[in-house]
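**Q**
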C-alpha cells in the first residue's frame, strides 16, 4: 500500500540524521536515539513541539512555506532535499507514472546516432530505448525497472565500478522524482526494501533528481567506458525522462561505443 504519511516519515528520518552537537544544542544526559529529539527540532525551527508532533503523525500535512523553510534550515537540508520537503507538503493529487511514449520521442532516440539513449518514467520503468542503449546494458531494455536491476541484478553491480555511488544516486533520484503515494510505486519500494543496501539508503530520505554527470561502465565485451549522462524531462505533467550517454569525441570511450554494434 502507498504510504499515508510521507511528510511525517521524512521529518522523523531526517531529524535522526542531524547531530545535536552540530545544531548548537546542549547535551542533557545520555541520548537514547540518534539525531535530534522532537523538542530540539521544534526549538531550532521556531515552532511548537505539539505542532511538530502533529506534522510527524500526519494530523497536519500541509504546513506553510514559512514553516517548511524553517524546518529545512533546522534539518540542514541541501537544495534538492529541501525542494523534496516542499513537494511532500503540496496538496497535489497522486500522479501515476505513465507508460506511453510519444512517437516524436521514439524518433529522437533513433536520431541519437552512436549515443545510447532511453526513456524512463518517474518510477524508473524503462519505456523505450535505442539499439545502442540496449547494447550497453540489458537493464536499458524496455520493460526493465532501473532501480530493481540496480539492486537485484549481480551483472549490474559488475557493470558499474562505482556501484555504491551509483546505487545511492538511484535511490535518491527515485525518492525525488517518484510519487510515493502511487500504489504501484509503493509496491516497488516494498520489493526493493528486501535488499539491505537499498533499505539503508532509502531510510536516509535523500532526494536528488537525475543530473548531467559522468558515469563509468565496465562492459563485458568492449571494456571500460566513461560516458557523460544528460537528462531531459519531457511530457509535461507526465514527467518522462530521456537519458542520453555521450562519449568525448576521439576518446577511448568513443571507440568502445563504436564497437558495441
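Residue numbers (the numbering used here): 29 to 289.
Backbone N, C-alpha and C define an ideal beta-carbon position, used for all residues, glycine too.
Kindly give me the distance between the Cβ atoms of residue 45 and residue 99, rounded to whole angstroms, as I take these residues to be in contact under 8 Å.
**A** About 13 Å; that fails the 8 Å criterion.
**Q** Assign residue 112 to one of two classes, buried (16 or more other C-beta atoms within 10 Å of its C-beta) or exposed (fewer than that).
**A** buried
**Q** Which residue's Cα is closest to the Cα of residue 196: 101, 208, 273, 178?
**A** 178
**Q** Tell me the residue span of the alpha helix (DSSP H) that contains residue 134.
**A** 131 to 139
**Q** Along the beta strand (DSSP E) that carries residue 272, what are the first and last residues, could you check?
**A** 268 to 274
**Q** In the DSSP assignment, what residue or residues form a beta bridge with residue 246?
**A** 252
**Q** Buried or exposed for residue 203, going by 16 or more other Cβ atoms inside 10 Å?
**A** buried
**Q** Could you tell me which of 101, 175, 238 sits nearest to residue 222, measuring between CA atoms?
**A** 175
**Q** Taking the straight line between their C-alpha atoms, what separation do you get for residue 74 and residue 108?
**A** 22 Å
**Q** May I have the straight-line CA-CA distance separating residue 159 from residue 247, to the nearest angstrom?
**A** 15 Å
**Q** Taking Cβ to Cβ, would you say residue 154 is nearer than 8 Å to residue 171?
**A** yes
**Q** In this structure, how does DSSP classify residue 287 when only helix, strand and coil are distinguished?
**A** Of the three classes helix, strand and coil, the one that applies to residue 287 here is coil, per DSSP.
**Q** Rounding to the nearest angstrom, what Cα-Cα distance links residue 201 and residue 239 in this structure?
**A** 9 Å
**Q** How is the alpha helix (DSSP H) around residue 145 delimited, first residue to last?
**A** For residue 145, no alpha helix (DSSP H) segment is defined; the enclosing uninterrupted segment is the beta strand (DSSP E) at 145 to 148.
**Q** Mind checking who residue 241 pairs with in its DSSP beta bridge?
**A** 257
**Q** Given this structure, state the Cα-to-Cα distance separating residue 241 from residue 257, to the nearest angstrom.
**A** 5 Å
**Q** What is the rounded straight-line gap between the Cα of residue 140 and the Cα of residue 260?
**A** When rounded, the distance between both Cα atoms is 14 Å.
**Q** In this structure, how does DSSP classify residue 46 when only helix, strand and coil are distinguished?
**A** coil
**Q** Name, in chain order, the residues that DSSP records as bridge partners for residue 153.
**A** 173
**Q** Using the beta-carbon count (16 or more within 10 Å), is residue 90 buried or exposed?
**A** exposed
**Q** Exposed or buried, residue 93, counting other C-beta atoms within 10 Å across all chains shown (16 or more means buried)?
**A** exposed
**Q** I'd like to know if the stretch 203 to 213 and the stretch 179 to 189 are in contact, where contact means that at least 3 CB-CB pairs between them fall below 8 Å.
**A** Under the three-pair Cβ rule at 8 Å, the stretch 203 to 213 does not count as touching the stretch 179 to 189.
**Q** Could you tell me whether the stretch 142 to 149 touches the stretch 269 to 276, where touching means 3 or more Cβ pairs closer than 8 Å?
**A** yes
**Q** Report the residue from 41, 119, 289 whose alpha carbon sits nearest the alpha carbon of residue 228.
**A** 41
**Q** Going by the CB atoms, is the gap between residue 35 and residue 102 shorter than 8 Å?
**A** no
**Q** Using DSSP with H/G/I as helix, E/B as strand and the rest coil, what is residue 95?
**A** helix
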